[in-house]
Every structure is written in C-alpha cells, then in structure tokens.
Amino acid sequence: MAFRGTFDYTLDAKNRLTVPARFRPQLADGAVLAKGVERCVAIYPPEAYEHQTRGALEGMNPLSRQAQELQRFFSANAHDSELDGAGRLMLPPFLIEHANLERDVVVTGAGDHLEVWDRAAWADYNADLTARMPDIAANLGHAA
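For any residue, its number in the numbering used here is found by taking its place in the sequence shown, counting from 1, and adding 18.
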C-alpha cells in the first residue's frame, strides 16, 4: 500500500506522533525517521529507506566527496524507531528542530514514505506547490 493522504495530528507532551491507523501495518517491523530534504520529518519502512539511500548513491564513486557527504547525511540524520502499543512514534529533538515542528502537525503521504510537517508550514508549501503544478506538469514532456 502506498502512503497517500493528508492527516491533521497533534504531538503529545512527550513529542509522540500517532501514526494514522491505516499505515501502522506497514511500519509494524520498524520505522526510520529521517530529516527530509524539505523542512519535514520523513518516516520510512526500513526497507524503503535503504532503497532510497542506495538509489541516491547508485553509480557514484563511493570515495567521492559528494557520495561521502550523502552517505553521512543519510546515516547521521536518521533514527531507527518502533511503534509503541498505541501506534505512536517518538520524534527525536533533532528532527523536531529540523522541521520546526510545533504541537499541530500534518502527516502527509509521499508514496513510499510519510512526511510530518508543521501544520502552518504545510499549508504554505502545499498552496505554493498547487499554484506551480500546471508549470511542473507542462515541463514533464516525454521524449518522442
């Protein structure tokens, strides 16, 4: 099942996020919480995170500075976690800071993972993305 949809949630006093019930089975074997490229927290099933990082590094000289920096970013800015009995994940402080999360958050589907955004930041980002979508779609021409 792909991660799709947008859900409003609230972090509790211990910075725990309740994962939408429909996605809990996909995270039953664990979750990787990571800095998103944007100001969000990405939540991946472990195998999807490994696939993502391998894909980003594929074809790069492993001794190149760029490959080492990417590997360092992926490894140092990720955290292995598990759902608790109530279907929650504890968000580490460094990820909360990265995403500028306050109490009110949005959990968005992103295909192979979930993203956690500050609710106001998501509203701004999504409005901008929606406005740019006609240009993005028009520039996706395929080679004949």
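Don't be surprised by glycine CBs; every beta carbon is placed ideally from N, CA and C.
Predicted model, so just to flag it, every value in this text is computed and none were measured.
From which residue to which residue does the beta strand (DSSP E) around residue i run?
| i | result |
| --- | --- |
| Arg83 | That residue, Arg83, is in no beta strand (DSSP E); its alpha helix (DSSP H) goes 83-94. |
| Ala20 | That residue, Ala20, is in no beta strand (DSSP E); it is neither H nor E in DSSP. |
| Arg34 | 34-36 |
| Asp122 | 122-127 |
Use the C-beta contact count for residue i: other C-beta atoms within 10 angstroms, 16 or more gives buried, fewer gives exposed.
| i | result |
| --- | --- |
| Ile61 | buried |
| Val55 | exposed |
| Asp136 | buried |
| Ala149 | exposed |
| Gln84 | exposed |
| Leu132 | buried |
If I measure Cβ to Cβ from residue i and keep anything under 7 Å in the same chain, skipping five residues before and after, which residues do I get?
| i | result |
| --- | --- |
| Pro38 | Phe25, Val125 |
| Asn33 | Met108, Leu109, Ile114 |
| Gly23 | Gly127 |
Please return the same chain residues whose Cβ sits closer than 8 Å to the Cβ of residue i, not counting the five positions on each side in sequence.
| i | result |
| --- | --- |
| Arg106 | Asp30, Arg34, Leu35, Thr36, Val37 |
| Asn118 | Arg57, Asp136, Ala139 |
| Gly48 | Pro63, Pro64, Asp98, Ser99, Glu100 |
| Pro152 | none |
Quick one: give me the first and last residue of the alpha helix (DSSP H) that residue i is part of.
| i | result |
| --- | --- |
| Arg106 | Note, Arg106: premise wrong, no alpha helix (DSSP H); beta strand (DSSP E) at 106-108. |
List the whole-angstrom C-beta distance separating residue i from residue j, where the pair is believed to meet the contact cut-off of C-beta under 8 Å.
| i | j | result |
| --- | --- | --- |
| Ala52 | Asn95 | 6 Å |
| Gly129 | Ala46 | Actually they are not in contact, since the Cβ atoms of Gly129 and Ala46 sit about 19 Å apart, beyond 8 Å. |
| Tyr67 | Val50 | 4 Å |
Provide the residue(s) that pair with residue i in DSSP beta bridges, ordered along the chain.
| i | result |
| --- | --- |
| Ile61 | Leu51, Leu132 |
| Tyr67 | Answer is none; Tyr67 lacks a bridge partner. |
| Tyr27 | Val123 |
Any heavy atom of the ligand ADP closer than 8 Å to the CB of residue i?
| i | result |
| --- | --- |
| Leu35 | Judged by which ligands are present, the structure shown has none, so any question about the ligand ADP falls away. |
Which same chain residues end up closer than 6 Å to residue i when comparing Cβ atoms and leaving out the 5 residues on each side of it in sequence?
| i | result |
| --- | --- |
| Thr71 | Phe92 |
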